[in-house]
Amino acid sequence: MDAPLSRAPSGIGAAKRANLVDSRFLSVINKSRSFKDVISGKSSTSSFPDLKPTTHCGMISQWVSEEEVFALAAPFQFALIGKFSIRRPKLDLIHQFFLNLKLYTGFFITLLEPKHFLIKLENNLDLNHIFGHRSYYIFNSYMKLFK
Numbered sequence: 001m002d003a004p005l006s007r008a009p010s011g012i013g014a015a016k017r018a019n020l021v022d023s024r025f026l027s028v029i030n031k032s033r034s035f036k037d038v039i040s041g042k043s044s045t046s047s048f049p050d051l052k053p054t055t056h057c058g059m060i061s062q063w064v065s066e067e068e069v070f071a072l073a074a075p076f077q078f079a080l081i082g083k084f085s086i087r088r089p090k091l092d093l094i095h096q097f098f099l100n101l102k103l104y105t106g107f108f109i110t111l112l113e114p115k116h117f118l119i120k121l122e123n124n125l126d127l128n129h130i131f132g133h134r135s136y137y138i139f140n141s142y143m144k145l146f147k
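Take 1 as the starting number for the sequence shown in UniProt numbering and just add one per residue.
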C-alpha cells in the first residue's frame with residue numbers, strides 16, 4: 001500500500017502535487033464566515049436534523065430526504081473512480097499521469113482500495129476531458145474509469 005506524500009513538493013506542478021494529501025479532500029467548497037458568526041458559534045455548514053429510525057415491512061429503516069441526499073453527493077459532483085484490473089502503479093505515478101493531462105483546474109486523488117482510487121475534479125470541462133476516454137494505460141497498467 002502506498003504511503004501518502006510527505007516530502008515537500010518541487011518542480012513543475014508542485015502546487016497540484018501538494019493537493020495529493022489535503023485535509024479538504026472531502027469537504028465542500030469553503031464558505032467564508034462573518035466575525036459575528038464565528039463569535040456566536042454558528043456553523044457555516046447546514047446540519048441535518050436528527051434522523052430517527054423507523055420501520056418498513058418489519059425492518060429497521062432510515063428515511064432520508066432528497067435534499068439531504070443531494071447535499072451529501074455535492075462534493076462528488078465532478079468525481080470519477082479509477083479501477084486497475086491486474087496491477088496498480090504507485091499513487092505518485094498515477095498523480096504524475098494526471099498532471100500531464102494538462103487539466104484546467106486542480107484535482108485530488110486518493111486511494112479507496114488497492115485496485116480503486118477516487119479522482120475528484122473541480123469542473124465539468126475536466127470531467128468530460130478525462131471521462132471521454134473511459135480507459136487509459138498508465139505506465140503499462142490498464143485503468144478503467146467509472147462515474
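Note that the Cβ used here is the ideal one computed from N, Cα and C, for glycine as well.
| Using the C-alpha atoms, what's the distance from E66 back to P89? | To locate residue 89, count along the sequence shown from 1; it is residue 89. To locate residue 66, count along the sequence shown from 1; it is residue 66. A direct Cα-to-Cα measurement between P89 and E66 gives close to 38 Å.
| query | So, is K147 buried or exposed, given that buried needs 16 or more other C-beta atoms within 10 angstroms? | reply | By one-based count along the sequence shown, residue 147 stands at place 147. So K147 counts as exposed.
| query | Does the beta-carbon of K144 have 16 or more other beta-carbons within 10 angstroms, so that it is buried, or is it exposed? | reply | Here residue 144 corresponds to residue number 144 of the sequence shown, with the count starting at 1. Its Cβ having fewer than 16 others within 10 Å, K144 is exposed.
| task | Taking only the alpha-carbon atoms, compute the straight-line gap between F97 and M59 and give it to the nearest angstrom. | result | Counting from 1 along the sequence shown, the entry for residue 97 is found at position 97. Counting from 1 along the sequence shown, the entry for residue 59 is found at position 59. Distance between the alpha carbons of F97 and M59: 47 Å.
| said: Classify L112: buried if its beta carbon has 16 or more other beta carbons within 10 angstroms, exposed otherwise. | reply: As a working mapping, residue 112 is identified with position 112 in the sequence shown. The residue is exposed, with fewer than 16 neighbouring Cβ atoms inside 10 Å.
| In chain order, which continuous runs of the alpha helix (DSSP H) of length 4 or greater are located wholly inside the segment 63 to 88? | Taking only runs of at least 4 residues, the alpha helix (DSSP H) segments lying wholly in the segment 63 to 88 are 66 to 73.
| beta strand (DSSP E) containing F139: first to last residue? | The residue given as residue 139 occupies position 139 in the sequence shown. No beta strand (DSSP E) holds F139; DSSP gives it neither H nor E.
| said: Give me the DSSP bridge partner(s) of S61. | reply: Translated into the one-based positions of the sequence shown, residue 61 becomes position 61. Beta-bridge pairing by DSSP links S61 to T54.
| field | V21 to F117 span [Cα, whole Å] | value | The count along the sequence shown starts at 1 and reaches residue 21 at position 21. The count along the sequence shown starts at 1 and reaches residue 117 at position 117. Residue placement at V21 is flagged as unreliable, the pLDDT there being 44, under the threshold of 50; the coordinate-derived value follows with that caveat. Cα to Cα, the separation comes out at about 13 Å.
| Close beta carbons around G123, own chain, < 8 Å, minus the five adjacent residues each side | Stepping through the sequence shown from its first residue, residue 123 is reached at position 123. The residue asked about is misnamed: residue 123 is Asn in this sequence, not Gly. Answer for N123: F78, Y104 and T105, listed in chain order.
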